[in-house]
Every structure is written in C-alpha cells, then in structure tokens.
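Below: the structure, in structure tokens.
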Amino acid sequence: MAVVSAVLLIFLGNAGAAPAEIPQYGGTLTYLDMTPTLNAITWDSADWQWKHGYDTGLVMEHLFMGDLQKGPRGKKLTLFHNNAWIPENLMTGELVERYEVKKKPMQIILHLRKGVMWQEKPGVMKARELVASDVVYAINRIKNSRKAIPLYLDFVGKMETPDKYTVIINMTEWCADWHYRIGWGYYDGIQAPEQEKAPGGPNKWQNLCGTGPFMLTDYKEGHSHVYTKNPNYWGTEIIGGKPYKLPFVDKVVMQIIKDEATQIASLRTGKLDLVMTMNWKYVDGLKKSNPDLRWSRHIATGNYTVALRMDRKPFDDVRVRRALNLAINKKEIIDNFYGGNAELHTYPFPPTFKDVYIPLEKLPPSVQELYTYNPEKAKKLLAEAGYPNGFSFKAQVSNASQEGLDIASLVVAYLAKIGVKMELVPMDYVSHLTMMIRKTHSEGYFFSNDHGGPYSAIRKNFLTGQTWNPHMMSDPYVDKKWNEIVQNPNLTEKQAAEEIKKLTVYILEKVPCIILPTSYRYTAWWPWVKNYYGELRVGAHRSAPIIARIWIDQELKKKMGY
C-alpha cells in the first residue's frame with residue numbers, strides 16, 4: 012500500500028522568524044486586495060467563480076493553505092506571490108490536521124481539526140462544530156453544480172466518513188493536482204449546508220458564514236467589504252515562542268476603488284494601510300512623497316492576450332495567428348508603455364514556475380519568432396493565407412482596468428499597420444466574463460487570465476470545452492497528453508514537469524492568441540502594518556491567512572500623524 016504523503020502536522024505560525032515587537036490586538040486594517048476595482052461576483056461556491064477566495068476567503072476556510080513558515084517570514088523557500096500554485100512541499104493544513112494519499116486503493120484520507128466552530132449567524136445557523144459530513148457536503152455541492160468546470164472534479168468518487176473528523180475520498184482516477192482541485196483552489200471554500208437553506212439563498216451576502224477568522228458584517232457594491240473579528244476562531248500564531256490567538260485586528264475593510272489615482276491618494280494620505288497591487292508608474296512618486304512606505308515587487312497575476320477563436324475564420328489558419336503576433340512590437344511595449352517594468356515571455360507560465368518554465372532562448376526558433384517584430388513577414392503570411400488586404404474582426408475587452416484598455420488600444424494600432432482592423436467592444440467585467448463562459452464572444456477576446464499552476468494552466472486554457480478557453484482550442488493530442496500526465500500515478504514530479512514542458516512547446520507552436528508582455532506590479536504598506544512580509548496569496552486568489560496574522564501598531568500610526 013503506497014503512501015505518497017504521509018503526515019501533515021498542524022500549522023501554528025512563523026515560529027522561526029519572530030519579530031521583536033509584541034503583537035497588539037484591536038484596530039482596523041483597511042486595504043486593497045489583488046482585485047481592487049472589482050465588486051464581489053458571488054457569495055456561493057457553487058457558482059464556480061474564480062474570485063471566490065478574495066470575496067469569501069476571510070470567512071470560509073479551505074482544507075489546505077500555503078505554509079507561511081516556508082515563505083519570507085521563515086525558511087524563505089518561496090515569496091507566496093503565485094496566484095494559484097502551491098507545490099505540495101509548501102502546503103500545510105488549514106481545516107485539515109493531517110492527511111494521507113494512497114495509490115492502492117486510490118484514496119485521499121483527510122483528518123480534520125477538532126474543535127473548529129462554525130460562526131453563529133442569526134437567521135442562518137447556530138454555532139456548531141465542523142464535522143466530516145460538512146466537508147463531504149461542500150465538495151459534493153460544487154461537484155454537482157450545473158456551473159461546474161468540465162473535468163475538474165471527475166476524479167472524486169465515493170466519499171466516506173468513518174468518524175466525525177475523517178473524510179475518505181475514493182478517487183475514480185489518479186489526479187496529480189488533487190490538492191489544487193479540492194484543497195486550496197479557486198472553488199474550495201468549505202461552505203455550510205445552512206447557507207444554502209437560509210432565507211434569500213446562498214448568494215445573499217448576509218447569509219455568508221464559515222469557520223474563518225472574520226465575519227462579513229457589511230457589503231456595499233462599488234465601495235467596500237467590512238469584516239469583523241470572529242471571537243471563536245480556532246487559529247493560533249506563535250511569535251517569539253508564545254502562542255497568540257488569531258486574528259489580531261478587530262475589523263478589516265477591503266475597499267473597492269476603481270480609479271487608480273484615488274487608490275494612490277488613499278495610500279498616500281494613510282487612509283489605506285496596505286495596497287497589495289499597484290501599477291509601476293506610481294512607485295517613484297510615492298517613494299519620494301512617502302519614503303516610509305515598505306515595498307515588494309511581483310510579476311502580474313497573468314498577462315494580457317488576445318484570444319483568437321481557432322474554430323472560426325480567419326483564425327482557423329495558424330498563418331493568420333502567427334501574422335498577428337509578428338505585427339506587435341512587444342519589446343517596444345515593454346520599453347515605452349511599461350518603462351522596462353515587464354517581462355517579454357511569461358506564457359503560459361511565469362519564470363517563478365521554475366520546474367516547467369522554459370526560457371525564451373531555449374524554445375524552438377518557431378516559437379521565439381512569435382516574440383519578434385516583423386510586420387513585413389506578417390503581411391506575407393496574411394497574403395499566403397488569402398488575406399492580402401487584411402480583414403476586420405471584433406474583440407471584447409473589460410473596462411475594469413485602464414491598463415488593459417490602454418494595451419488593447421496599442422494592439423489595435425499595431426494591427427492597423429498590416430491592414431487588420433480590430434474593433435474593441437468595451438464591456439463591464441461581469442458581462443465580459445459571461446460571454447467567455449457562454450462562448451458567445453467574437454473572433455477576438457482581449458483578456459487577462461491568471462497563470463494558475465502547471466497543470467491547471469494547460470487544462471483551463473487549452474483543453475476542449477474548458478470554461479477559460481476562449482481560443483476554442485480543441486486538439487486531440489493536447490487533451491490526450493494532458494490526461495496522461497495528470498492521471499499517471501507513476502510519474503515523478505520531475506518527469507511530469509518534463510512532459511508539461513514538451514506539451515507547452517506544442518501548444519505555443521499552435522499560436523492560440525496574440526501574446527503580450529506581463530508587467531511587474533508593486534505592493535506597498537505602512538510601517539504600522541506589522542507581521543506582514545509582502546506575501547500575496549496562500550491559496551488560489553486567497554490572502555485571508557495572511558490578513559489574519561497582521562496587527563496594527565496603533566501608537567506608531569498616531570505618532571506618524573495618521
């Protein structure tokens with residue numbers, strides 16, 4: 012009976028790197044998360060929305076999370092900047108105390124923490140202990156949702172609960188990234204059965220409840236989420252050898268600010284304690300006007316691309332797709348638009364995915380060419396494909412990001428030089444997203460898709476029928492090869508990485524989109540924000556455990572005049 016990963020011990024905190032200060036309780040943390048311009052999309056995990064970890068993550072907990080002891084506050088094995096990639100060696104339990112993964116029989120055995128209490132929510136539920144049947148309910152609910160992403164939970168078979176604190180998941184097939192799909196991924200918040208049955212239903216913000224460090228007590232669309240401390244939270248942080256009950260702050264205000272200038276003004280004047288992501292162009296000015304700010308830099312969550320529908324003319328011809336890439340001067344965009352604060356090649360993986368990332372110079376010449384500027388060859392390819400005079404097409408674009416709108420306009424200008432007219436169709440974010448989900452978008456679709464993880468990036472972008480595949484790529488070889496990699500229990504991590512690299516080259520040679528550079532972003536926080544080390548996420552778009560460990564030095568804030 013093979014055991015892949017035997018025991019995962021309880022996570023208590025950053026025992027190895029205690030700051031000198033004694034933690035303080037109380038106060039309010041006001042901050043912008045990684046999606047500061049967007050409203051909450053849903054409060055119900057069964058809606059399968061990618062932003063769930065930000066909107067509900069302070070309330071709903073996951074089975075697993077990134078081990079903060081392994082990050083910059085501890086062993087420094089990672090920065091915890093990736094949006095949805097936590098290798099198993101960097102993972103720890105949140106609601107899970109320890110676990111086993113067996114090959115024969117194929118099982119995941121989860122041993123839950125004891126004494127974890129659901130929050131009391133008047134009209135929704137009374138406080139009670141989290142038990143194994145709650146986890147089974149939560150997984151089944153998203154698995155059986157009509158909005159479920161194809162393939163995502165197909166590996167989950169019969170689930171058993173031999174006692175109150177044990178869940179046995181029988182796998183119908185091996186799944187190499189099981190921990191992403193049920194443990195710390197986009198849709199993995201453990202939702203209470205009572206939320207579904209509450210008056211108004213599960214997608215009413217007032218009904219949101221969980222086991223997490225905070226409770227959602229107010230929500231104003233276009234303005235803020237307000238969370239208050241859960242006094243019965245189970246979590247503990249060890250600092251200086253002493254355990255402290257979490258969370259430290261009494262209230263968290265996660266603001267929604269669409270205008271970048273307003274975001275920066277709010278930080279500059281101390282109205283914001285922490286901004287998790289910021290455009291590079293504001294950094295130098297803030298360093299001059301507010302030299303006390305602390306800084307961290309990270310690669311953007313994902314790069315902008317123009318998905319080209321491979322199931323429709325003219326983009327069913329790879330020569331056309333290649334031509335449009337050669338028409339874009341990507342190095343000029345890096346130099347002139349991003350001021351050098353961008354990477355040329357991060358698609359489909361950023362350099363931080365060291366096991367599967369292939370540097371540009373090591374890619375085949377046919378792929379390297381996609382990153383060069385050659386408008387004359389672009390025109391030649393269009394002529395060979397039957398479009399000597401170019402053509403016109405539409406592309407939807409979200410108006411949620413000014414940067415995205417500006418980049419899209421640059422693409423329009425570059426394409427015009429080779430006789431191709433791309434007509435942008437600006438839309439609000441939810442409408443833009445819905446068109447992709449329903450596959451009603453035009454031949455072009457301008458969007459930013461996060462990098463995910465090595466397995467998920469291939470699946471969601473390129474497998475047939477996937478929700479996040481606006482390219483409409485449907486390649487039997489890609490589908491077959493990906494399944495072989497994910498479902499093979501005998502592949503080592505290194506072997507799987509090599510297979511993913513080969514598949515990546517194959518996909519890039521198919522040219523599913525116009526690939527664009529990826530910018531660097533910045534995180535800024537004031538000195539009174541304590542026990543924060545620049546981490547961004549310890550789950551898919553989920554920063555909640557990081558936020559729960561922050562405290563505010565209120566005297567320092569007053570002393571600094573804020």
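Residue numbering for the sequence shown follows this note's numbering, starting at 12 and increasing by one per position. By construction, the Cβ of each residue, glycine as well, lies at the ideal position given by its N, Cα and C atoms. All figures in this text were calculated on a predicted structure; none of them were measured in a lab.
Under the three-state reduction of DSSP, residue 557 is assigned to helix. Per DSSP, residue 345 is not a residue of any alpha helix (DSSP H), being assigned neither H nor E. When the beta-carbon positions are compared, residue 277 and residue 267 stay at least 8 Å from each other.
Taking the CA atoms as reference points, residue 233 sits about 14 Å from residue 271. For residue 493, the enclosing alpha helix (DSSP H) stretches over residues 487-497. With a cutoff of 8 Å on beta-carbon distance, residue 463 and residue 95 are scored as near each other. Residue pairing by DSSP places residue 455 opposite 319 and 406 in a beta bridge. Among the bridge pairs identified by DSSP, residue 526 is matched with 316.
In the structure shown, residue 413 falls within a helical segment according to DSSP collapsed to helix, strand and coil. Residue 364 carries a coil assignment under DSSP once its states are collapsed to helix, strand and coil. Taking the Cα of residue 560 as reference, the smallest distance to any Cα among 87, 248 and 336 is reached at 248.
Using a Cβ distance threshold of 8 Å, residue 356 and residue 371 count as a contacting pair. By a beta-carbon distance limit of 8 Å, residue 205 does not contact residue 264. Their separation comes to about 26 Å.
Looking at the DSSP output, residue 254 shares a beta bridge with 249. In this structure the region 162-174 touches the region 186-200; the number of beta carbon pairs closer than 8 Å is three or more. Put simply, the backbone Cα of residue 73 is about 19 Å away from that of residue 256.
Rounded to whole angstroms, the separation of the alpha carbons of residue 188 and residue 97 is 10 Å. Following the DSSP letters along the chain, one finds residue 290 inside the beta strand (DSSP E) bounded by residues 285-290.
Inclusion of residue 489 and residue 285 in the CB contact set at 8 Å is not warranted, their separation being larger than that value. Assignment of residue 299 by DSSP, reduced to helix, strand and coil, places it in the helix class.
Shown here for residue 434: same chain residues with a beta carbon closer than 6 Å to its own, the five before and five after excluded, namely 405 in chain order. Residue pairing of residue 174 in beta bridges, as defined by DSSP: 177. Considering only 439, 401 and 427, the residue with the shortest C-alpha distance to residue 409 is 439. Between the alpha carbons of residue 128 and residue 209 lies a gap of roughly 18 Å.
Annotated as proximal: residue 240 and residue 260, with beta-carbon spacing under 8 Å.
If you draw a straight line from the Cα of residue 130 to the Cα of residue 251, it comes to about 29 Å.
Rounded to the nearest angstrom, the Cβ distance from residue 105 to residue 75 is 6 Å, consistent with a contact under 8 Å.
Pairing residue 549 with residue 454, the inter-Cα distance amounts to about 36 Å. Rounded to the nearest whole angstrom, the C-alpha separation of residue 211 and residue 55 is 12 Å.
In the structure shown, the three-state DSSP call for residue 122 is strand.
Excluding its 5 nearest sequence neighbours in each direction, residue 246 has C-beta neighbours in its own chain below 7 Å: 224, 257 and 559, listed in chain order. With a cutoff of 8 Å on beta-carbon distance, residue 287 and residue 190 are scored as not near each other. DSSP places residue 160 outside both helix and strand once states are collapsed to three, so it counts as coil. Of the residues 120, 80, 450 and 92, the one whose Cα lies closest to the Cα of residue 322 is 450. Distance check between residue 457 and each of 423, 275 and 71 places 423 closest, using alpha-carbon atoms only. Between the alpha carbons of residue 358 and residue 314 lies a gap of roughly 7 Å.
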